[in-house]
Amino acid sequence: PIAIRREDYAAPAFWIDTVDLTFDLDPAKTRVLNRMQLRRNPEVPAQPLRLDGDELNLARVLVNGQGASFRMEGEQLVIDGLPDAFELEIFTTCCPIKNTKLMGLFVSEDTFFTQCEAEGFRRITYFLDRPDVMAMYTVTLRASKAAYPVLLSNGNLVDQGELPEGRHFAKWVDPFKKPSYLFALVAGKLVAREQRIKARNGKEHLLQVYVRAGDLDKTEHAMNSLVNSVLWDEARFGLPLDLDRFMIVATSDFNMGAMENKGLNIFNTKYVLANQATATDADYSNIESVVGHEYFHNWSGDRVTCRDWFQLSLKEGLTVFRDQEFSQDLCADASARAVKRIEDVRVLRTAQFPEDAGPMAHPVRPDSYIEISNFYTVTIYEKGAEVVRMMQTLVGRAGFEKGITLYFERHDGQAVTCDDFAQAIADANPDSELARLLPQFKRWYSQAGTPRLAAHGVYDAQNRSYTLSVVQSCPPTPGQQTKEPFVIPLNIGLLDAATGRELPMQLEGESDVAHGTRTIVLSRAGEQITFTGLDAEPVPSILRGFSAPVILDFAYTDAQLLTLLANDPDPFNRWEAGQRLGLRAALQAIAAANATDATPVLNDAYLDAMRSVLRHPQLDAAFKELVLTLPSETYIAEQLDVVDPQRVHLVREAMRAQLATALFADWEQVYEANHDTGAYTPDPTSSGRRALAGMALNFLCLAARASGDTVWPGKTLQRFKDAGNMTDRFNALNALVSSGHTLAAQALARFHAMFKDEALVIDKWFSLQAGASDRGGDILPLVKQLMKHSDFSLKNPNRARSVIFSYCSGNPGAFHRADAAGYVFWSERVIELDAINPQVAARLARALDRWSKLAEPYRSAAREAIARVAAKPDLSKDTHEVVTRALA
Ligand code: HT7
Ligand code: ZN
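The opening residue of the sequence shown carries number 11 in full-length UniProt numbering; numbering runs sequentially from there.
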């Protein structure tokens, strides 16, 4: 396979102005008639027309109504000697029922769906399948009326009617030009929840959420989320809904979370369907942000799209930022907003930081790829969102809103670049630090790797000053040996070490005194910041709110961290102080050569601090739950040069056991105080209380395991049986399973029986077992057994993820086995999946990204497993790219 390089970008040789598609839908043989108006791009040297295709059967090609000569070059259809403007008609067929890749046109539960991003449209018809070719689409769908009563495509329904032999048709016209990746159709037996909504200008819009009959009672939350999204984008950024009708359709077979096709979003059922009996608080929250995310793409992605796929973060980073802001703005108070920020940062640090340090590291705007589907990554999405967030920090919230307005005014209807975006934000804020430092700021787009800030502070008693020295560096990444300094907005506060109170801040040479957080903009490799007017050495609270996606090294003493944990008015750094203390304990225990399993990992100061958090009268339950959650095994492993995953697992388990027993009385109290949340609503306050009660139950069952107590496991089983919502039920089940209690088996059986017809709940059932804490290597045999269960299917991505990914990517303590059986299992599944669905296989292939950090014998065994996959003939481009990069 060949690499596509950003520097080779060239404008298309032809433009496509209009596309008129007619589909005769049939699962075994769908006929597609594609009539297009094309014209040469006068700015490009004359060349043949090369149309992309993939697994199509070509029947006919007409140019201006006449049979035309053409040739095939690989999968491309090439036509020479074309006039400057012409009509091209192409007739093809494809086989949706055999489409297990779920790209292009496919069938899921007797319903037709499409997925065209990034390069799926070429599996429907021959086309210039690239995002800078934007056309107006008219689509006619024809199908059996009995089998496919609902026929949907982008835009407005302009005609519909009956056809002979029990067939019918629907004709859709999209009033906006769009790239091919935003095309969509759906045809099947579906029902819709509908709601009309009035925009600020008084215009009415119809919102619809389509699902299979029987799932309608699970669409209320998705609809509410959609309404909130429409209102929020108008209120925060002045971006209105531009369509008469906006549709969401759910499918249970989908490679990703959802897809923002213009006016016809297609969603994984996981991000649509929810009622209190089947969905957890986390599901409700995910639905809100994914519905928001796809809706916000209507502007950031659809109205203004990407020039090429290297610019993917232009739409994805910006849209993640927008959905994060949306979810925060829906929060009632600052504490709930901070909880959301901490959750987002946790994702970044546990998934994106490892990616940025591994073989798949790439800049937010990559320079090359073999398969673009492999670049729908946490770097493009989450780090991309952090880059947008830093822009907002540098220009201020109001300045950022001005920048967004300018961006959409300037580029509406265009396919543009990350440079265009940054330029618009800077141009709208000419006096900002962003405008002053723009070329350097854009290194965030071009340089991969997580920058490290090494900071240390010196107090000068004579001058009553405190100087913070900060040195930034960034490790080499594949293809980028050296890095230039980044622009880093660093939010800082100072606390009084004795009282924990926030201190006023005065920078040397400035007369202003700041109260609260101050943003310092770093741009050089090393810098010094001096604060004056200080009577004693302060405790610095650095990187408040996680103001930049960097790793901060500061040699805090335990006492300083305890001060921050108890007092920092910045909730992010308050949480971070607890994480640093926990991480420090874990790393010390991992390094302690002769420690036994019985050696305590956590000291009394840490346990007392955690007890104080749990008993704190002002702190919210959701925040307490985050503070009491130990750093994950993956995060701990990232801090080590050489990782023994079993040691990491044992140490973290020992820490959990210690928290369970040392705080036993508090957990009891916490459970009693929080378990009754009244009538179910998925709001942040009551879901925070459910989360904390669930955590308490978990620790109580864990403590019972050590003490032999049967009361709490019994109570937990009862709670499982009586629960009035899925969050409480699942938390109770999880407590029994993760403590390895004997009652877990009957609870699991009962859970399966109760929800046997609810696919998304059965996914949870699989996932909980495959992700459970390993005890003596018991999880791999269980996973193999689960794969033989009649409910298991490798073809359904949600199900495959619930078992195989939960084990290989979500359960390091069970996956990394000294006998290499986990890796053998992984390689077999990657190869097996690759033949069915390369995108899903390539994602699974990434489970061993960090193999080179592993201690022996894991390292050699992991390498061997990757090599085994790489050696497989006929591997997809997707999986090939991942495994060859891993071995490079
Ligand atoms: N923009 C969407 C990307 C997507 C996708 C990409 C590759 C293969 C399948 C896919 N399904 C959806 C999702 C989003 O970011 O909104
Ligand atoms: Zn997106």
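All C-beta atoms, glycine included, are put in the ideal place defined by N, C-alpha and C.
Item: Expressed to the nearest angstrom, what Euclidean distance is found between the alpha-carbon atoms of residue 757 and residue 734?; Value: 16 Å
Item: In the DSSP assignment, what are the bridge partners of residue 178?; Value: 153 and 172
Item: Answer yes or no: the CB of residue 326 versus the heavy atoms of ligand 2, is any distance below 6 Å?; Value: yes
Item: Look at the alpha carbon of residue 122 and the alpha carbon of residue 197, and state the distance between them as a whole number of angstroms.; Value: 5 Å
Item: What first and last residue would you give for the beta strand (DSSP E) that runs through residue 27?; Value: 24-34
Item: Measuring only from the beta carbon, is residue 278 closer than 6 Å to any heavy atom that is part of ligand 3?; Value: You won't find ligand 3 in this model; what it holds is ligand 1 and ligand 2.
Item: Report the option in 796, 376, 189 and 803 whose CA atom is closest to the CA atom of residue 315.; Value: 189
Item: Regarding residue 127 and ligand 1, is the C-beta to nearest heavy atom distance less than 6 Å?; Value: yes
Item: Considering just the uninterrupted stretch of the alpha helix (DSSP H) at residue 725, what are its terminal residues?; Value: 721-732
Item: Strictly by DSSP, which residues pair up with residue 378?; Value: 15
Item: Under three-state DSSP, which class holds residue 101?; Value: strand
Item: Is any heavy atom in ligand 1 found nearer than 6 Å to the beta carbon of residue 74?; Value: no
Item: Exposed or buried, which one is residue 686 when buried takes at least 16 other CB atoms within 10 Å?; Value: exposed
Item: Kindly indicate which residue of 265, 703 and 293 has the alpha-carbon position closest to the one of residue 848.; Value: 265
Item: Residues in the same chain with beta-carbon distance under 6 Å from residue 8, minus the five sequence neighbours each way, listed in chain order, please.; Value: It is not possible to answer for residue 8, since the shown part of the chain is limited to 11 through 898.
Item: In whole angstroms, what separates the C-alpha of residue 435 from that of residue 811?; Value: 39 Å
Item: On the three-pair Cβ rule with 8 Å, is the region 390-402 touching the region 867-876?; Value: no
Item: Less than 8 Å between C-beta atoms, sequence neighbours within five positions excluded: which residues of the same chain meet that for residue 21?; Value: 51, 53, 54 and 142
Item: Find out if the Cβ-Cβ distance for the pair residue 124, residue 39 is shorter than 7 Å.; Value: no
Item: Run the CB neighbour count on residue 889, radius 10 Å, all protein chains shown included, and call it buried at 16 or more, exposed below.; Value: buried
Item: Distance, Cα to Cα, residue 134 vs residue 562?; Value: 48 Å
Item: Please determine, among 679, 712, 722 and 718, the residue with the shortest C-alpha to C-alpha distance to residue 702.; Value: 679
Item: Confirm, please, whether the CB-CB distance from residue 176 to residue 155 is below 7 Å.; Value: yes
Item: Using the C-alpha atoms, what's the distance from residue 240 back to residue 658?; Value: 45 Å
Item: Can you tell me whether residue 89 is buried or exposed? The criterion is at least 16 other CB atoms within 10 Å of its CB, across all chains shown.; Value: buried
Item: What's the C-alpha gap between residue 304 and residue 541?; Value: 45 Å
Item: Along the chain, where does the beta strand (DSSP E) that runs through residue 208 open and close?; Value: 201-208
Item: Taking just the CA atoms, how far does residue 310 sit from residue 331?; Value: 11 Å
Item: Sort 519, 518, 512 and 479 by Cα distance to residue 500 and report the nearest one.; Value: 479
Item: Note the first and the last residue of the continuous beta strand (DSSP E) segment covering residue 564.; Value: 561-564
Item: Is the beta carbon of residue 228 sitting closer than 7 Å to the one on residue 274?; Value: no
Item: Note down the Cα distance separating residue 298 from residue 70, rounded to an integer number of angstroms.; Value: 45 Å
Item: So if DSSP puts residue 62 in a beta bridge, which residue, or which two residues, is it bridged to?; Value: 137
Item: Kindly confirm or deny that the region 425-441 and the region 350-360 touch, where touching means at least three C-beta pairs closer than 8 Å.; Value: no
Item: For residue 188, write down the residues that DSSP places opposite it in a beta bridge.; Value: 145
Item: Does DSSP put residue 476 in a helix, in a strand, or in coil?; Value: strand
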